[in-house]
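Using the working numbering, you'd call the opening residue of the sequence shown number 5 and step up by one each time.
We treat Cβ as the ideally placed atom computed from N, Cα and C, and that holds for glycine.
What follows is one structure encoded as structure tokens, with my remarks underneath.
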Amino acid sequence: MNITSRSVQNVEILKLDGPLTGAAAAQVRDAIFKSLSMGARRSLLDMSSVATIDEPGIASLILSTNEALRRGGKAGFLNLLPEIKEQLSRTWLLTVCESYDNETKALQGLC
């Protein structure tokens, strides 16, 4: 898993590239927790390059989202592929975090 981050309008955008499975799940969780510990309150996960997710991957998103909300922050998903969106819709994640199809709308929704 390759993770790059950038900040736009006080939103930390984490671009995930690769399958969100196994050890990559911990890597993603750690990246999100690091972002939160550095003061980010709004996080956007660009998952346009995530074609596969498993239970540990979903669990890492749940843990990270819970932590962001616990700290009074917001989190959202950008460019979910249909298969991933379907899997996440089976959890409560898409009821507490918005899913966006373009970055401009995501930034408006998170600010």
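- Under the Cβ criterion (8 Å, minimum of three pairs), the region 37 to 55 counts as touching the region 81 to 96.
- A distance of 7 Å or more separates the beta carbons of I7 and L24.
- For G80, the uninterrupted beta strand (DSSP E) segment begins and ends at 78 to 82.
- Around the C-beta of S103, 16 or more other C-beta atoms lie within 10 Å, and the residue is accordingly described as buried.
- With contacts defined by Cβ atoms closer than 7 Å, A44 and E16 form a contacting pair.
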